[in-house]
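Asks:
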Amino acid sequence: MDGHERPDVVKYRQEVFLPTMATFEKRMTHYNGPQLTPVKPELAPGMREVIALFHDECCFHVNDYKRSA
Numbered sequence: 024m025d026g027h028e029r030p031d032v033v034k035y036r037q038e039v040f041l042p043t044m045a046t047f048e049k050r051m052t053h054y055n056g057p058q059l060t061p062v063k064p065e066l067a068p069g070m071r072e073v074i075a076l077f078h079d080e081c082c083f084h085v086n087d088y089k090r091s092a
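In terms of the numbering used here, the numbers along the sequence shown are unbroken and rise by one, the last being 92.
(1) Closer than 8 Å by C-beta to residue 62: which residues in its own chain qualify, once you throw out the five before and the five after it? Chain order, please.
(2) For residue 55, list the residues DSSP reports as bridge partners.
(3) Report yes or no: is there a C-beta of chain B within less than 9 Å of the C-beta of residue 61?
(4) Is DSSP giving residue 83 helix, strand or coil here?
(5) DSSP three-state label for residue 69, please.
(6) How many Å lie between residue 82 and residue 41 at the Cα?
If you want it as structure tokens, here you go:
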């Protein structure tokens with residue numbers, strides 16, 4: 024079984040992570056249409072925009088797969 028499918032992980036994702044992300048999503052810029060036109064969030068005074076950063080755990084180095092001539 025993949026670790027992402029364990030019952031405790033699924034429960035956390037459904038009951039904690041996704042609801043939390045939904046609250047953050049209201050404070051994020053959205054991109055509409057094929058031109059990906061940015062739509063800034065409407066923030067109350069004192070609220071700050073949330074910028075989500077994600078990574079996929081890949082690692083690259085400057086000369087990976089470089090062939091010498």
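Every residue gets a Cβ at the ideal spot worked out from N, C-alpha and C, and that includes glycine.
Keep in mind it's a predicted model, so treat the numbers as computed, not measured.
Replies: Taking the structure as given:
(1) These residues qualify, in order along the chain: 52, 53, 54 and 55.
(2) 60, per the DSSP bridge assignment.
(3) This model lacks chain B altogether; it includes just one protein chain.
(4) Coil at residue 83, not helix or strand.
(5) The answer is coil: DSSP assigns residue 69 none of H, G, I, E or B.
(6) Answer to the nearest angstrom: the Cα atoms are 27 Å apart.
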